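One structure below.
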Amino acid sequence: MVDDDRSNVPETHRSAELDGVEALRLLGSVSLGRIVFTRHALPTVRPVNHVLVDGDIVIRTHGDAALTRYTRQTGGEGAVVAYEADDIDPDTHLGWSVVVTGYARLVTDPDELARYRALLRPWVSERMDQAVRISPDLITGVRLTPHDPASSA
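My numbering runs 2 ahead of the 1-based position in the sequence shown.
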């Protein structure tokens, strides 16, 4: 059984929901995140770098990557994925986290693919010759801030 008695926990932090515009702005301010997709009917998480383009998240991948195979199986319909990025200070535990849920599609247009290759530098040694574009359907986020005791008086 989990003890959820928080009476002894000091009120040092607050969480505030972010609106979609602010959440995407913050997501665009960092270059690393985590893609979540289904592999063999189980959730799979991979760290990736990204760039925000016209409100969509673009990541580079390679032809044999699990994510590439997953998105290829869905054809043009897209594969349901989640994407998470954050910037939380490990000492103060202050910062933010954003989760985007949407459809991921392989980029097949050669000009668009060349554009994304120029924008995103691979950070692993594999040949990253593919790109996946995630169109957000649901954008959620939270900001962790210091608690101001005066505001609750």
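Where is the CB? At the ideal position from N, CA and C, for every residue including glycine. Small disclaimer: the values here were computed from a predicted structure and weren't measured.
Cβ-based neighbour list, residue i, same chain, cut-off 6 Å, excluding 5 preceding and 5 following
i   : result
R36 : V47, P49, E86
G30 : L54
Where the beta strand (DSSP E) containing residue i begins and where it ends
i    : result
V32  : Element bounds for V32: n/a, residue is neither H nor E.
D58  : 58-63
L140 : 132-148
T73  : No beta strand (DSSP E) holds T73; the alpha helix (DSSP H) holding it covers 68-75.
E86  : 81-90
R16  : 15-19
P45  : 44-51
Sequence-distant residues of the same chain with beta carbon closer than 8 Å to residue i, five excluded per side
i    : result
L20  : L28, W98, V100, T142, G143, V144, R145
S33  : N51, H52, V53
D139 : T103, G104, Y105
S17  : V144, R145, L146, T147
Nonlocal neighbours in the same chain, by C-beta distance under 7 Å from residue i, ignoring five residues either side
i    : result
P124 : R62, M130
H95  : H15, L146
E128 : H64
Residues that residue i bridges to, as DSSP identifies them
i    : result
P112 : None; P112 has no bridge partner.
T94  : In the DSSP output, where bridge partners are listed per residue, T94 has none listed.
T126 : Thr is not the amino acid found at residue 126; the sequence shown has Val there. Per DSSP, none; premise fails for V126.
Cβ neighbour criterion (16 or more within 10 Å) applied to residue i
i    : result
R135 : buried
L44  : exposed
V109 : buried
V83  : buried
DSSP three-state assignment for residue i, whether helix, strand or coil
i    : result
A25  : helix
L121 : helix
G104 : strand
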